[in-house]
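In the numbering used here, the protein residues as written are 227 to 365. Here is the structure we will look at, set down as structure tokens.
Structure (structure tokens):
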């Protein structure tokens, strides 16, 4: 039996916990407010994340490769879909009673910090999952 790396366990748990949070968040908005693109996007991304997280905990090679591709796709989707998501967030904010000033402030922070954090996080994950010692655990 292979000795699991702490990083792989932590990554798997992170993906599972974030996916549970995402599914809960997406379903909450889907069921309590109008159906919108953001809710469906969050649910689909979160289910994918859950599957990959479980695969990482089981040291499955497809999950290791899948997370690398997943992270790259998420960065590109974030860049491409940001204008659409901003429009949806503005409408959703109005539905739940958030002021326009609060929404604009939040979107400004997303515009500035979001892409930087997302790219750094992706690079760290890709670096970790492509290290020879880690790749060896998934074979």
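Think of the CB as a built atom: it goes at the ideal place given N, C-alpha and C, for glycine as much as any other residue. All values derive from a computational prediction rather than experimental measurement.
So the alpha helix (DSSP H) residue 364 belongs to, where does it begin and stop? Here residue 364 belongs to no alpha helix (DSSP H), and DSSP marks it neither H nor E.
To the nearest angstrom, how far is the alpha carbon of residue 341 from that of residue 359? Roughly 29 Å between the two C-alpha positions.
The alpha helix (DSSP H) that contains residue 356, what's its start and end? For residue 356, no alpha helix (DSSP H) run applies, since DSSP gives it neither H nor E.
Any beta strand (DSSP E) of 3 or more consecutive residues that is wholly inside the segment 227-294: Those beta strand (DSSP E) runs which fall completely within the segment 227-294 and span 3+ residues do not exist here.
Taking 7 Å as the cut-off, decide whether the C-beta atoms of residue 245 and residue 272 are in contact. Contact: yes.
Taking all protein chains shown into account, decide if residue 234 is buried (16 or more other Cβ within 10 angstroms of its Cβ) or exposed. Buried, since its Cβ has 16 or more Cβ neighbours within 10 Å.
Just how far apart, CA to CA, sit residue 173 and residue 346? What the structure shows of the chain is the stretch from 227 to 365, and residue 173 is not part of that stretch, so it cannot be assessed.
Residue 282 and residue 241 look like a contact to me (Cβ under 8 Å); what is the Cβ gap, rounded to whole Å? Between residue 241 and residue 282 the Cβ distance is about 6 Å, and since that is below 8 Å, they are a contact.
Contact defined as beta carbons within less than 8 Å: I believe residue 297 pairs with residue 351. What is the distance between those atoms, to the nearest angstrom? Confirmed, about 5 Å.
Round the Cβ separation of residue 306 and residue 355 to the nearest angstrom and send it over; I've been treating them as touching at under 8 Å. About 24 Å; that fails the 8 Å criterion.
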